[in-house]
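*Asks:*
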Amino acid sequence: MRISEDTLRQAWHRRASETYLLDDDMFPPVCASYEQYEDHELDETSGLHLVLEDDGSVSGYAGRYDHVFLTRDLDETLYRIAEEAVRRHAESVTGRAALLDRIDPAWGRRFRGGGVDGSEPAEPCGLDPLEGFAWIAGSWHDQEPYTTLTFFRGGQADAERIALLHGADPEQVAAGTTLADLRGMEGDEWDTLWRSCAYGQAGDWAFLLHHENSPGTPGGREALAALGITETVRLSACSAKAIYTFDYLRDGRRVEDDENGVIEMIWYDHGRAPFDRGGPLDFLNRALRRAELDHPELEDEFALYFHALETSLGLGLPRRAIEEGTVRAAQWARHAG
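Going by the numbering used here, the sequence shown opens with residue 107, and the numbers climb by one from there.
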């Protein structure tokens, strides 16, 4: 079906006439092309714009260049307009869900699900986010204790072996050196920790924490591949440039929407699904929506993101071991001694 501006306006008018919560003024600007959309004076507060594509589909953009959806379905487009419209009436995600319930119970269920139409909402986690993986989101955002958090699962994902293959000093690994031991070494503590890593096991994931890129070892890439690791998650922070990334690989391939590459976490907007609904990362849309609904008190979007990674992928880190310095750690071999 080719969706025209007249078709959209008429369908929205019919919907709006059925409830006082919607009106014709909530209908967003419509652009005949992406070039016309670019000509608008836009920023992060500009709200939803619709672009009529050449193939008859409709794209939605929120603010400057933030692509929200692409669809050929008229009802899908109307739902997305309503989802944006209720943001004006309610600041909280729970409030928006309640308004969508009153407009159309099916739309309320859809919003709570966070994913594709018809997907059931994820079960409440029953957890305190700050007692789980989200505890480290704030300090990681400020690059403490390390800028890069990497997780490995499947095959022979042994934390010691992974640390060694990334360049950890073999003597310190064999000696069971801890983060507290590194902090107690002579010399500049910051310099020591910058050239080090921490490692261990949390659930069924092995983790490796470090700054910037690890030095690796000769043949380390091939040896790492031989471990048969099936999943890797990498979270990287650079506060000076406000760059915070999420990269998820499964069976050697990046899990992503339309080859978008490493994901900028800062583009997550509370209350909006950050990934294509029905796409390979839709599981994270659903986990984020569950986190938003369960924890309205959690205003830190990075903490919500980390909590969603915990409930969907099982990521976690040992808080007490890291805070008390008992987590295993080692300098990179070329800087040890």
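Using N, Cα and C, we set each Cβ at its ideal position, and we do this for glycine too.
Compute the distance between the beta-carbons of A280 and P424, then report whether it is under 8 Å.
*Replies:* The residue given as residue 280 occupies position 174 in the sequence shown. The residue given as residue 424 occupies position 318 in the sequence shown. Their beta carbons are not under 8 Å apart, which means A280 does not touch P424 by this criterion.
*Asks:* Go through its chain and collect everything with a Cβ distance to D382's Cβ below 6 Å, but skip five positions before and after it.
*Replies:* Stepping through the sequence shown from its first residue, residue 382 is reached at position 276. Once the five neighbours on either side are set aside, the close Cβ partners of D382 are D363.
*Asks:* Within a Cβ cutoff of 7 Å, which residues of the same chain sit near A191, ignoring the five residues on either side of it in sequence?
*Replies:* For this step, residue 191 is matched to residue 85 along the sequence shown. The residues are L128, M132.
*Asks:* Do the CB positions of A269 and T432 come within less than 8 Å of each other?
*Replies:* For the purposes of this step, residue 269 is taken as residue 163 along the sequence shown, with counting starting at 1. For the purposes of this step, residue 432 is taken as residue 326 along the sequence shown, with counting starting at 1. Cβ distance not < 8 Å, so A269 and T432 don't count as in contact.
*Asks:* Which residue or residues does DSSP assign as beta-bridge partners of I369?
*Replies:* Position 263 of the sequence shown holds residue 369. DSSP output for I369 lists F352 as bridge partner(s).
*Asks:* Give the secondary structure of A304 by DSSP, where H, G and I count as helix, E and B as strand, and everything else as coil.
*Replies:* Here the question's residue 304 lines up with position 198 in the sequence shown. If DSSP states are grouped into helix, strand and coil, A304 belongs with the strands.
*Asks:* Answer yes or no: do L206 and G214 have a C-beta to C-beta separation smaller than 8 Å?
*Replies:* Locating residue 206 in the sequence shown gives position 100, where the first residue counts as 1. Locating residue 214 in the sequence shown gives position 108, where the first residue counts as 1. Yes.
*Asks:* Alpha carbon to alpha carbon, how far is E111 from T254? Give it in angstroms, no decimals.
*Replies:* For the purposes of this step, residue 254 is identified with residue 148 of the sequence shown, where counting begins at 1. For the purposes of this step, residue 111 is identified with residue 5 of the sequence shown, where counting begins at 1. C-alpha separation (whole angstroms): 46 Å.
*Asks:* Could you please give me the residues that DSSP links to F257 through a beta bridge?
*Replies:* For the purposes of this step, residue 257 is taken as residue 151 along the sequence shown, with counting starting at 1. For F257, which the question treats as bridged, DSSP gives the partners F313, V339.
*Asks:* Comparing alpha-carbon positions, which option in A117, R340, G221 lies nearest F412?
*Replies:* Residue numbering aside, residue 412 sits at position 306 when the sequence shown is read from its first letter. With distances taken between Cα atoms, F412 lies closest to R340.
*Asks:* Could you spell out where the alpha helix (DSSP H) holding V279 opens and where it closes?
*Replies:* Counted from its first residue, the sequence shown places residue 279 at position 173. Note, V279: alpha helix (DSSP H), 276–281.
*Asks:* Does the distance from the CB of T183 to the CB of L114 come in under 8 Å?
*Replies:* If you number the sequence shown from 1, residue 183 lands on position 77. If you number the sequence shown from 1, residue 114 lands on position 8. Yes, the Cβ-Cβ distance between T183 and L114 is below 8 Å.
*Asks:* If you drop the 5 nearest sequence neighbours on each side, which residues of the same chain put their C-beta closer than 6 Å to that of S320?
*Replies:* Within the sequence shown, the letter at position 214 stands for residue 320. These residues qualify, in order along the chain: H272, G273.
*Asks:* Just the C-alpha distance for H195 and A168, rounded to the nearest angstrom, thanks.
*Replies:* Locating residue 195 in the sequence shown gives position 89, where the first residue counts as 1. Locating residue 168 in the sequence shown gives position 62, where the first residue counts as 1. Approximately 17 Å between the Cα atoms of the pair.
*Asks:* Over what stretch of residues does the beta strand (DSSP E) that includes G166 continue unbroken?
*Replies:* For the purposes of this step, residue 166 is taken as residue 60 along the sequence shown, with counting starting at 1. Segment 164–168, the beta strand (DSSP E) holding G166.
*Asks:* What does a CB cutoff of less than 8 Å around T256 pick up in its chain, not counting 5 residues either side in sequence?
*Replies:* Indexing the sequence shown from 1 puts residue 256 at position 150. If we look at T256 and ignore the five residues flanking it on each side, its Cβ neighbours are F313, L314, L315, H316, T338, V339, R340, L341.
*Asks:* Can you tell me which residues form a DSSP beta bridge with W241?
*Replies:* By one-based count along the sequence shown, residue 241 stands at place 135. W241 is not bridged to any residue.
*Asks:* How would you write the range of the alpha helix (DSSP H) that H119 sits in, first residue to last?
*Replies:* Start at 1 with the first residue of the sequence shown, and residue 119 comes out as number 13. Unbroken alpha helix (DSSP H) run through H119: 111–122.
*Asks:* For T323, which of helix, strand or coil comes out of DSSP?
*Replies:* Position 217 of the sequence shown, counting from 1, holds the residue named residue 323. T323: coil per DSSP, three-state reduction.
*Asks:* Residue range of the alpha helix (DSSP H) that H413 falls in?
*Replies:* As a working mapping, residue 413 is identified with position 307 in the sequence shown. It spans 407–419 - the alpha helix (DSSP H) in which H413 sits, taken as one unbroken run.
*Asks:* Does the beta-carbon distance from A188 to A409 come in below 8 Å?
*Replies:* Numbered from its first residue, the sequence shown carries residue 188 at position 82. Numbered from its first residue, the sequence shown carries residue 409 at position 303. Cβ atoms of A188 and A409: not closer than 8 Å.
*Asks:* Using the Cα positions of T336 and P402, report the straight-line distance between them to the nearest angstrom.
*Replies:* Sequence index remark: in the sequence shown, residue 336 carries index 230 (1-based). Sequence index remark: in the sequence shown, residue 402 carries index 296 (1-based). Between T336 and P402, the C-alpha separation is close to 34 Å.
*Asks:* So, at 7 Å on beta carbons, what are the nonlocal neighbours of D310 in its own chain, with the 5 sequence-adjacent residues on each side left out?
*Replies:* Numbered from 1 along the sequence shown, position 204 holds the residue referred to as residue 310. So the list reads R259, G420, once near-sequence residues are dropped.
*Asks:* Straight-line CA distance for G306 to D357?
*Replies:* Stepping through the sequence shown from its first residue, residue 306 is reached at position 200. Stepping through the sequence shown from its first residue, residue 357 is reached at position 251. For G306 and D357, the distance between alpha carbons rounds to 22 Å.
*Asks:* Just list the residues that DSSP pairs F175 with in beta bridges.
*Replies:* Residue mapping note: residue 175 aligns to position 69 of the sequence shown, counting from 1. Bridge partners of F175: G166.
*Asks:* Under 8 Å by Cβ, that's how I've got A436 and T200 pegged, so tell me the actual separation to the nearest angstrom.
*Replies:* Taking the sequence shown and counting its residues from 1, the one referred to as residue 436 is at position 330. Taking the sequence shown and counting its residues from 1, the one referred to as residue 200 is at position 94. With 8 Å as the limit, A436 and T200 do not qualify as a contact, their Cβ atoms being about 45 Å apart.
*Asks:* In the DSSP assignment, find the beta strand (DSSP E) that holds R434 and state where it starts and stops.
*Replies:* Numbered from its first residue, the sequence shown carries residue 434 at position 328. Run containing R434: 434–437, per the beta strand (DSSP E) assignment.
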